[in-house]
Amino acid sequence: MRKTGKKVLGIVLCAAMAGSLLAGCGKKQGTEAVGGGQETTAAAREQSTEQEKTAQKGNVPTIRLVSWQTPSDPKTKPVYDAVDQFAKEHASEFKLEHENILGDELKAKIKTDVASNTVPDVFLYWGSGGNSAMLLDADVIIPFDEYLDASQNIKRELFPQDSFDRTSANGTLATITLGLEYGVWFCNQELFDQYGLELPKTLDDMIAVGKVFNENGIVPFAMGSKGGNPAHEFVAEILGQMPDCQEDFRKINEEYTVDTPNIRKTLEIIETMRENKLFPSDTISIGDWNQHFAMYNEGKAAMIYAWTWQLSNMSKEMADKTVIIPAPGMPGGTRDTSNFAQSGGDMGYVISRSAWEDPDKKDAVIELMDYLYSREIQELTLYSGGGIPSRLDIEVDADKVEKQKLAEVIEFARGKESCPNLPQACPKTECWTDFADGIDELMAGISTPDQVIENINKSLTAAKEN
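Numbering-wise, the sequence shown is residues -23 to -1, 1 to 443 according to mature numbering (1 follows the signal peptide of the UniProt record, and there is no 0).
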């Protein structure tokens, strides 16, 4: 995918990215922000003290790393400290500047850095095509296989083959996910028992129990959409039940169209759910990740579709009331949902082209990347923060997993059939805003399925022509 000799005009790319990079799949989007950069600056200054002493004795390259690890968060501090210690042990080889930028703040930061030609050497980012395509096309980051070919320790064989589609754009690997995630259906068993209701197995069952919950002031299903979050995950979940759904994802990516029978059926199912008042009355205000999960966690909703990285927000009280169910079967669906669980994970480290081609930095970048993808780091992430390892050579010890329901979800979902997600299928970064807007409007009842398909197809056609 690299375009030889192509120079990146930062300000032009910034303009193109301004609307689009602020959308898309965002793990933990908006949950935290490092205010004013004060924590980042102080931590980086403390971290680099020993390195600076060594650096004064000779020239060593400075490697700028941007991640989601922060020293103030007990879930990420062990990994942050481990990276800090690793950098100190290799101070004779490089000096590390470690910044912490979370959620959509990270997208905004990278957009700014591209414009000012100050892209970090290594940074955490979304590998899905809807997010990484523009960075790859503009040669801002390297195809990840260039790093894998150079590394002696990290190879494709260490990771699930089916995860690579989630971190690729137009067939080019942007990164390898650091951790796996599972999307599952949760029900508040206490509420179902209180009203003498059976757990749903079909959409008709959901509609039936929804009437009872609505009569008693309880939202049947906690799902909203703001900037496409989190509903784009749910739309893909339903599409994943349809026959030959892989062909639909392929058509989005290769033929630039969402006008397929399966996608139309999926959007009609969402419309049916809205018409039967399964969703909150205002799907935009409770859209995004924290809001819809809080509604369930506070006992205001009976059901939710959520991802494993959200489990840190689940109280022990709610975890004790919660049961996992197979996805209710949807009209037109042919998949056995007892053997189906969405799996994901598209966040991984990417390497800037400028750092990779700097002979003073390349070896240091490889060494740092090898550590960031090491067993040590993935095990720390699992047992301190509840992240599911992406490496195949790590066994999960359920007794050491502290996050509520996580071990149960892993046991339920691991090894089951899955399907792609919409940001992975989106062929161009600039199209994702229109995908997200369409989902928002459908959930809110502003647009019909036909209108959503028409609007997204216009965006895809324009992107294809460009």
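Heads up, the beta-carbon is just placed ideally off N, CA and C, and yes, glycines get one too.
Cβ neighbours of residue i in the same chain (closer than 6 Å, five flanking residues each side left out)
i	result
residue 424	418
residue 430	235 and 236
residue 452	Residue 452 lies beyond the residue range present for the chain, which begins at -23 and ends at 443; the question has no answer from this structure.
residue 217	396
residue 284	158 and 160
residue 276	none
residue 122	150
residue 281	163, 199 and 273
Rounded Cβ spacing between residue i and residue j (contact assumed at less than 8 Å)
i	j	result
residue 288	residue 382	5 Å
residue 319	residue 106	With 8 Å as the limit, residue 319 and residue 106 do not qualify as a contact, their Cβ atoms being about 17 Å apart.
residue 251	residue 420	6 Å
residue 161	residue 390	6 Å
Beta-carbon contacts of residue i that lie in its chain and below 8 Å, excluding the five residues immediately before and after
i	result
residue 292	274 and 381
residue 42	60, 73, 74, 75, 76, 97, 98, 99, 100 and 345
residue 356	366 and 371
residue 364	155, 156, 286, 355 and 358
residue 373	359, 365, 366, 384 and 387
Residue i, buried or exposed, once every other Cβ within 10 Å from all chains shown has been counted against 16
i	result
residue 315	exposed
residue 202	buried
residue 411	buried
residue 294	exposed
residue 206	buried
residue 95	exposed
residue 109	buried
residue 93	exposed
residue 443	exposed
residue 62	exposed
residue 436	buried
residue 279	buried
residue 193	exposed
Close-in-space but distant-in-sequence residues of the same chain around residue i (CB under 7 Å, 5 per side omitted)
i	result
residue 441	233
residue 189	172 and 174
residue 125	131, 132 and 133
Short Cβ contact (8 Å threshold) for residue i with residue j
i	j	result
residue 131	residue 347	yes
residue 71	residue 37	yes
residue 200	residue 269	yes
residue 309	residue 228	no
residue 150	residue 369	no
residue 145	residue 104	yes
residue 175	residue 398	no
residue 168	residue 305	no
residue 426	residue 248	yes
residue 52	residue 362	yes
residue 301	residue 394	no
residue 333	residue 119	yes
Proximity test, Cβ basis, 8 Å: residue i and chain C
i	result
residue 310	Looking at the structure shown, chain C is missing, and only one protein chain is on hand.
Inter-residue Cα distance where the pair is residue i and residue j
i	j	result
residue 163	residue 214	14 Å
residue 86	residue 328	16 Å
residue 147	residue 416	23 Å
residue 255	residue 184	7 Å
residue 321	residue 158	5 Å
residue 263	residue 139	32 Å
residue 66	residue 343	15 Å
residue 349	residue 259	41 Å
residue 222	residue 239	7 Å
residue 330	residue 114	12 Å
residue 439	residue 403	13 Å
residue 409	residue 307	26 Å
residue 91	residue 197	44 Å
residue 352	residue 50	21 Å
The ligand SAH heavy atom lying under 7 Å from the CB of residue i
i	result
residue 352	As for the ligand SAH, it is missing from this structure, which has no ligand bound.
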